[in-house]
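**Student:**
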Amino acid sequence: MFDQVEKVHKELAQVLVANASELEAFRIRFISKKSVITGLFDAFKTVPNDQKKAFGEALNELKKEANTKFKSLAANLQSITTHPSEHPDVSLPSTPFQIGGLHPINIVKNRMIEIFERQGFNVSEGPEMEDDWHNFTALNFPNNHPAREMQDTYFLEKDPDRLLRTHTSTVQIRLMEHGKPPFRSIMPGRVYRNEAISARAHCFFHQVEGLYIDRNVGFKDLKQSIYHFSREFFGKDTQIRFRPSYFPFTEPSAEVDISCFICKGKGCKICKNSGWVEIGGSGMVDPNVLQNCRIDSKEFSGFAFGMGIERIAMLKYEIDDIRLFSENDVRFLRQFNGL
Ligand code: DAH
Numbered sequence: 001m002f003d004q005v006e007k008v009h010k011e012l013a014q015v016l017v018a019n020a021s022e023l024e025a026f027r028i029r030f031i032s033k034k035s036v037i038t039g040l041f042d043a044f045k046t047v048p049n050d051q052k053k054a055f056g057e058a059l060n061e062l063k064k065e066a067n068t069k070f071k072s073l074a075a076n077l078q079s080i081t082t083h084p085s086e087h088p089d090v091s092l093p094s095t096p097f098q099i100g101g102l103h104p105i106n107i108v109k110n111r112m113i114e115i116f117e118r119q120g121f122n123v124s125e126g127p128e129m130e131d132d133w134h135n136f137t138a139l140n141f142p143n144n145h146p147a148r149e150m151q152d153t154y155f156l157e158k159d160p161d162r163l164l165r166t167h168t169s170t171v172q173i174r175l176m177e178h179g180k181p182p183f184r185s186i187m188p189g190r191v192y193r194n195e196a197i198s199a200r201a202h203c204f205f206h207q208v209e210g211l212y213i214d215r216n217v218g219f220k221d222l223k224q225s226i227y228h229f230s231r232e233f234f235g236k237d238t239q240i241r242f243r244p245s246y247f248p249f250t251e252p253s254a255e256v257d258i259s260c261f262i263c264k265g266k267g268c269k270i271c272k273n274s275g276w277v278e279i280g281g282s283g284m285v286d287p288n289v290l291q292n293c294r295i296d297s298k299e300f301s302g303f304a305f306g307m308g309i310e311r312i313a314m315l316k317y318e319i320d321d322i323r324l325f326s327e328n329d330v331r332f333l334r335q336f337n338g339l
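Position one of the sequence shown corresponds to residue 1 (this note's numbering), numbered consecutively onward.
Here you go:
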């Protein structure tokens with residue numbers, strides 16, 4: 001009987017498993033109710049009384065050994081299957097895996113960058129937490145002027161000079177303060193406004209700011225830049241139109257519209273039957289802004305523009321609710337995979 005135990009012990013020590021079915025064969029042979037070890041337990045009654053104690057101990061030891069070995073073989077197999085690169089089996093079919101996609105905001109942002117980069121613009125960024133100077137004062141918003149209320153602002157409770165930027169125009173100031181003209185830069189980023197959230201408005205969204213400062217930069221250059229962008233982004237037959245407007249930091253200022261690329265100007269729901277849709281604000285940089293950044297406004301001039309990325313994406317993909325961009329619903333996001 002003790003020989004039998006020794007034989008199983010040796011067999012146990014030598015056995016190796018390479019896959020799940022061999023592991024199962026191990027389980028059946030050494031662990032299951034029909035295992036050799038169970039068989040030996042059954043033979044217990046045939047052992048002479050004076051040997052019963054030693055035999056029982058040896059059997060229990062063997063059973064423990066089998067269980068420990070089973071656990072370690074199973075763990076080993078698991079690590080092989082979860083790290084296939086360490087043990088590649090080239091004969092296996094490849095495992096399908098889901099690749100993520102870019103968020104529509106990033107798709108539009110990247111495309112805008114690409115188009116403006118080809119016009120010689122580089123990309124700049126600035127902080128989302130700003131101060132009054134960069135968000136308002138340097139941009140020619142007079143103190144206590146109602147223009148400051150054009151954009152409802154989140155101020156920091158502890159320090160009313162600190163705020164979440166309401167527009168990316170702040171980055172124009174940072175750029176001009178820290179460098180020397182010429183500047184030709186676009187500035188994408190997130191902005192915040194204290195607005196009630198609805199299908200059309202959100203308390204945070206994204207903008208792309210543009211700034212071009214050099215000698216002899218005129219309104220025609222602004223028009224040309226926007227025209228080129230609009231045709232590249234929305235299609236070759238896109239028309240543009242500038243409507244007089246007001247921004248403290250530009251003079252003159254204009255709102256930019258493009259011809260509705262859905263109905264081709266005939267009138268539809270998107271353009272509210274006007275044939276035109278607004279894509280952003282623009283203008284010639286006010287000389288006061290240049291002076292605030294210690295740039296000689298007699299020598300240099302330039303244009304600026306700002307566009308909402310969500311707005312552009314909503315037009316391009318006919319999305320009717322701005323909240324979709326921040327809800328992270330994969331059924332929405334998945335539609336942009338591969339774009
Ligand atoms: N900062 C403006 C806004 O958030 C957009 C804007 C308008 C930016 C005119 C500009 C500009 O650079 O020239 O509403």
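Beta carbons: idealized from backbone N, C-alpha and C, even for Gly.
For Thr250, is the beta carbon positioned less than 7 Å from some heavy atom of the ligand DAH?
**Tutor:** yes
**Student:** Among residues of its own chain, excluding the 5 on either side of Asn288, which ones have a beta-carbon nearer than 7 Å to its beta-carbon?
**Tutor:** Asn140
**Student:** Quick check: what's the CA-CA separation for Ile105 versus Glu209?
**Tutor:** 15 Å
**Student:** Any chance the CB of Gln119 is under 7 Å from a heavy atom of the ligand DAH?
**Tutor:** no
**Student:** Let me know the beta strand (DSSP E) ranges lying completely inside the segment 218 to 306, each 3 residues or longer, listed in chain order.
**Tutor:** 240 to 247, 250 to 259 and 276 to 285
**Student:** Put Gln207 into one of helix, strand or coil per three-state DSSP.
**Tutor:** strand
**Student:** Below 8 Å on the Cβ atoms is my guess for Gly306 versus His167; work out the distance and round it to an integer in Å.
**Tutor:** His167 and Gly306 do touch by the CB rule: their CB atoms are close to 6 Å apart, below 8 Å.
**Student:** If we count the other Cβ atoms within 10 Å of its Cβ and call it buried at 16 or more, is Phe26 buried or exposed?
**Tutor:** buried
**Student:** Leaving out five residues before and five after Ala313 in sequence, what residues of the same chain have Cβ atoms less than 7 Å from its Cβ?
**Tutor:** Pro104, Ile105, Val108 and Ile319
**Student:** Give me the Cβ distance between Phe229 and Phe116, rounded to the nearest whole Å; I'm assuming they're in contact under 8 Å.
**Tutor:** Their Cβ separation, rounded to whole angstroms, is 7 Å, which keeps Phe229 and Phe116 in contact under 8 Å.
**Student:** Any heavy atom of the ligand DAH inside 7 Å of the beta-carbon of Glu128?
**Tutor:** No, Cβ of Glu128 sits at least 7 Å from all heavy atoms of the ligand DAH.
**Student:** Looking at Glu114 and Arg165, is the spacing between their C-beta atoms short of 8 Å?
**Tutor:** no
**Student:** Is Pro181 near Asp159, with beta carbons less than 8 Å apart?
**Tutor:** Taking 8 Å as the Cβ cut-off, Pro181 and Asp159 do not qualify as a contacting pair.
**Student:** Which of the three DSSP states is assigned to Leu156 in this structure?
**Tutor:** Three-state DSSP puts Leu156 in coil, outside helix and strand.
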